[in-house]
Amino acid sequence: MKLTDYTTLGRTGLRVSPLCLGTMTFGTEWGFGADEKVSRDQFDRYLGAGGNFIDTADAYTNGHSEELVGKFVAEAKARDRVVIATKFTFGAQPGNPNAGGNGRKNIYRALEGSLRRLKTDYLDLYYLHAWDTMTPVEEVLSTLTDLVREGKIRYFGMSDTPAWYFSRMQTLAEKEGKERIATLQLEYSLVERSIEREHIPAAQELGIGLCPWGPLSGGFLSGKYTREGSSGRGEGRLTGPGSIWNKFTERNWRILDALLMVAKEAGKPPAQIAMNWAATQPGVTSVILGATKMSQLEDTLAAVEFTIPGELRKRLDEASAPESIHPYNFYAPAMQARVSGGTTVQGWRPAPMYEGAKAAPAAPPPDRKAAASER
Ligand SMILES: NC(=O)c1ccc[n+]([C@@H]2O[C@H](COP(=O)([O-])OP(=O)(O)OC[C@H]3O[C@@H](n4cnc5c(N)ncnc54)[C@H](OP(=O)(O)O)[C@@H]3O)[C@@H](O)[C@H]2O)c1
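If you read the sequence shown in the numbering used here, its first letter stands for residue 10, the second for the next number, and so on.
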């Protein structure tokens, strides 16, 4: 796969690169990230390699990320070439509850600010950044539909929402003739596979593309952090003052150990293996990369140009398999064998999501006689 192997964003006609340039690291306001020069170099390198998909948000580096993206796109005269995605949700004015959240008033306020900072009169993709736990689905859907029809945005997506929320929205859109969700943005990596339980099967059923963020788990999967008691040591965001997620868990260290061994055998840097794994998982449209240094971007851009050998991929899948919990343990192969009388049935789903789940206890061989007498 190459950066110029464009793919459609879910069930839309919008073509995007398989790696999207994340810009949460454009600007240093959050205590990590890159200054303007390095950010511009990253932007130029990505576009020069044929990439066309840029991800930002109104909240990133307090608006500076959008300003830098707007400036770089304008100076490169690349507005028609690039697909710009940005987001609303996070509060912009202390003390004002309506300068944040997913209500109609905030969406219009946030959009005007993003268009101004991005120096454009339309967005290609507008994301709800995170569920605010209260705004009704109908209000968000009708507002985003209006924005498409007003020509202010071309498509919209959902980020960090429960599966039931976006599924209800997409179903309503289909039934009511409103605009449909184009894509989802959620955390997905070898150490964070929770979305395989609900979000990915729902997205596949509902024709929604998936653009994962955090494919390196904030840099953890690059292998540059080492254990330090129950914590981690190494230079980067995860040990810096801006760190908000704890990636240094026993489970994650075990997955990292497996990744390091696979990377060694494959002769590739661990970051490339982790990125490649995420980019080639079922349902994934375009993975959002993040970098603070040019060397990191170079590493990542080469990450989709090879195939992980089957045996090594199997080891990664097994080492990182999500825990089997209720009710998903009912969908694992061992339980499904009881459903289909021990036969193998190839269902309609393009890729079975539950195969990796650590199995429920093996099913006894089906006792046809007993089963028949029960009915
Ligand atoms: N929707 C959401 O809620 C959400 C949330 C987060 C991010 N995002 C989007 O997704 C993008 C990527 O997210 P992310 O930054 O969390 O992705 P990530 O791939 O998990 O982490 C990227 C970080 O890992 C380190 N890194 C990257 N390449 C490396 C390499 N080759 N070797 C060593 N370290 C490397 C860098 O941080 P250090 O230099 O500090 O180590 C870099 O900033 C963001 O820019 C943003 O656009 C969306």
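Glycine included, every Cβ here is placed at the ideal spot set by N, Cα and C.
Placement of the Cβ of Gly-223 at a distance of less than 8 Å from at least one heavy atom of ligand 1 is found. Taking 8 Å as the cut-off, the C-beta of Leu-247 counts as close to a heavy atom of ligand 1.
Here Ile-190 is buried: its Cβ has 16 or more other Cβ atoms, across all protein chains shown, within 10 Å. In this chain, Ser-240 is not harboured by any alpha helix (DSSP H); it is covered by the beta strand (DSSP E) spanning 240–242. Taken in chain order, the whole alpha helix (DSSP H) runs of length 4 or more contained in the stretch 101–141 are 113–127. When the beta-carbon positions are compared, Ala-283 and Leu-268 come within less than 9 Å of each other. The beta-carbon distance between Gly-228 and Gly-40, rounded to whole angstroms, is 14 Å. This is too long to meet the 8 Å contact definition. From the listed residues Leu-132, Leu-127, Thr-129 and Ala-101, the smallest Cα separation to Arg-118 is found for Ala-101. Rounded to the nearest angstrom, the gap between the Cα atoms of Ile-253 and Asp-169 is 16 Å.
Between the stretch 49–58 and the stretch 230–243, the count of C-beta pairs closer than 8 Å stays below three; the two stretches do not touch. By a beta-carbon distance limit of 8 Å, Ala-341 contacts Ser-333. Their separation comes to about 6 Å. Using a cutoff of 8 Å, the CB of Phe-257 does not count as near ligand 1, since none of the ligand's heavy atoms is closer than that.
By the beta-carbon neighbour count (other beta carbons within 10 angstroms, threshold 16), Asp-67 is buried.
Taking all protein chains shown into account, Asp-130 has fewer than 16 neighbouring C-beta atoms within 10 Å of its C-beta and is therefore exposed. Within its own chain, the residues whose Cβ lies closer than 6 Å to the Cβ of Asp-133, once the five positions on either side in sequence are excluded, are Val-92, Ile-93 and Arg-163, listed in chain order.
When the beta-carbon positions are compared, Leu-127 and Glu-201 stay at least 9 Å from each other.
For the pair of segments examined, the stretch 171–180 was found to touch the stretch 137–146: the number of CB pairs separated by less than 8 Å reaches three.
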